[in-house]
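Residue numbers (the working numbering): 1356 to 1798.
Written out as structure tokens, the structure is:
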């Protein structure tokens, strides 16, 4: 494992604990999990059992039943796979700080996943002040660690790409993943944890197909990746709303149920198809990790006054009083009651399935800007709907994608009404590029 992924946040060499704890959050998988790998290494060196803990918060901000069902299906995979290796998975429910402090009280070392969103980082900073145990943070969900890729918020995909390509070779490499845990359960400790474990109450007994025909978990993610490579990758350049050529891996990436490094590794086995592979990897590596760069270095990534550039704000403000041919309320938009059949279809797809093809996501957001009384209100509506319905809402990619529709990571274009110099999209563009009749019909 690359040393740049590991950071010792606190060291307490005097403490003698009874076990090692890995608090799993961002990386809800067993395969390609560097936090788990480090935890196993520490457990073996310490000759102590390892416990993997997840904290379930039923009222997690902006999370819905759709999100919880998908996540809990994934955690069932984690629970079942770890059990085969003699590693106890513990699901605790309720107050995060209270549960982490209690479970780490008798721990020798606490390991956790690196976070990027503000609220998650804040909770870790507060915890760190109260912990008296050696605490290790491991970066799992990017190929190139965020602080290695760049030390600042990048202006565009180009500026980020220029830096990324110089260092990616150190991290894009084959990974021989294996689990070798030498010390399993301690009877006394295990009995104590079994009494606290809420897995039987929250994890599903079996998996049912969810909205959008999704099934959560790393087992399903691997199946989807295999099918994508075998059946769709060759035609990836032609993907659009009128076909099914997208990978549909974004929900799994959001919950950490599959690693982008594992995806790259499987694609790398396909020696041909360099053009579609390159297009897919541009999205998986450059665009996705640019989004993480955005939320990591810009703590106002979800606030109207912090998402874009001076030129974008100025041009949108200049045109904020322009006459809108159509104005829709949040309720009308949410219930897909606009004049635009393509937009309505996309919104209905999002509400019903938690998914929308990437090109339609851009169109969807651009039209909210066009049909809302002010750019700020449009942004707030777009983020609200995005986070409420998409499986991958509340995600760096989501925040960066919505911000892009307001000029972020983009350049100035020809000036026009309402949009000013921010990039414009219309239904004619959809019809030129895609068979929109087929899109409407398939929904």
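Virtual Cβ for every residue (Gly too), placed ideally from N, Cα, C. This one's a predicted model, so the numbers in the text were calculated from it and none came from an experiment.
Query, Result
"Distance between beta carbons of residue 1538 and residue 1403, contact taken as under 8 Å", "6 Å"
"For residue 1491 and residue 1766, the rounded distance between their alpha carbons", "40 Å"
"Range of the contiguous beta strand (DSSP E) that encloses residue 1517", "Taken as a continuous stretch (DSSP letters only), residue 1517 belongs to no beta strand (DSSP E), being part of the alpha helix (DSSP H) at 1512-1522."
"Closest by C-alpha distance to residue 1634, when choosing among 1611, 1602 and 1665", "1602"
"Rounded straight-line distance, which links the Cα of residue 1668 to that of residue 1674", "10 Å"
"Three-state class that DSSP yields for residue 1717 in the structure shown", "helix"
"Range covered by the alpha helix (DSSP H) that runs through residue 1645", "1643-1652"
"Sequence-distant residues of its chain with Cβ nearer than 8 Å to residue 1729 (five each side left out)", "1675"
"Beta-bridge pairing of residue 1468 - partner residues as DSSP gives them", "1493"
"Pairwise C-alpha distance: residue 1458 and residue 1536", "20 Å"
"Separation of residue 1724 from residue 1771, as counted between CA atoms", "13 Å"
"Alpha-carbon spacing of residue 1504 relative to residue 1471, whole angstroms", "14 Å"
"Contact belief for residue 1442 with residue 1465 at Cβ below 8 Å, rounded distance in angstroms", "Wrong, their Cβ atoms sit about 16 Å apart, outside the cutoff."
"Alpha carbon of residue 1799 to alpha carbon of residue 1572, nearest angstrom", "In the structure as shown, the chain begins at 1356 and stops at 1798. Residue 1799 is therefore absent and cannot be evaluated."
"Residue 1657 vs residue 1754 beta-carbon contact at 8 Å", "yes"
"Member of 1481, 1401 and 1425 whose CA lies at the smallest distance from the CA of residue 1747", "1425"
"Sufficient close CB pairs (3 or more, under 8 Å) joining the segment 1729-1740 to the segment 1586-1595", "no"
"Three-state secondary structure assigned by DSSP to residue 1573", "helix"
"Continuous alpha helix (DSSP H) stretch holding residue 1791: start and end", "1791-1797"
"Same chain only: Cβ atoms within 8 Å of residue 1461, ignoring 5 sequence neighbours per side", "1372, 1373, 1374 and 1544"
"The segment 1682-1698 / the segment 1784-1795 touching (three or more Cβ pairs under 8 Å)", "yes"
"Inter-residue Cα distance where the pair is residue 1691 and residue 1604", "26 Å"
"Backbone secondary structure at residue 1460 - three-state DSSP", "coil"
"Residue 1525 burial status per 10 Å Cβ neighbour count (16 or more: buried)", "exposed"
"Nonlocal neighbours in the same chain, by C-beta distance under 7 Å from residue 1750, ignoring five residues either side", "1609"
"Cβ-based burial, residue 1416 [other Cβ within 10 Å; buried from 16]", "exposed"
"Three or more C-beta pairs below 8 Å linking the segment 1485-1501 and the segment 1682-1691", "no"
"Nearest-angstrom Cβ-Cβ length linking residue 1370 and residue 1487, presumed shorter than 8 Å", "7 Å"
"Simplified DSSP state of residue 1585, which is helix, strand or coil", "helix"
"Opposing strand residues paired with residue 1376 [DSSP bridges]", "1406 and 1465"
"Start-to-end residues for the beta strand (DSSP E) that takes in residue 1443", "1443-1448"
"Residue closest to residue 1793, alpha-carbon to alpha-carbon, out of 1598, 1432 and 1663", "1598"
"Residue 1366, buried or exposed, once every other Cβ within 10 Å from all chains shown has been counted against 16", "exposed"
"Residue from 1637, 1567, 1758 and 1736 with nearest C-alpha to residue 1708", "1567"
"Identity of the residue in 1401, 1483, 1662 and 1768 nearest residue 1510 by Cα", "1662"
"Residue 1798 vs residue 1703 beta-carbon contact at 8 Å", "yes"
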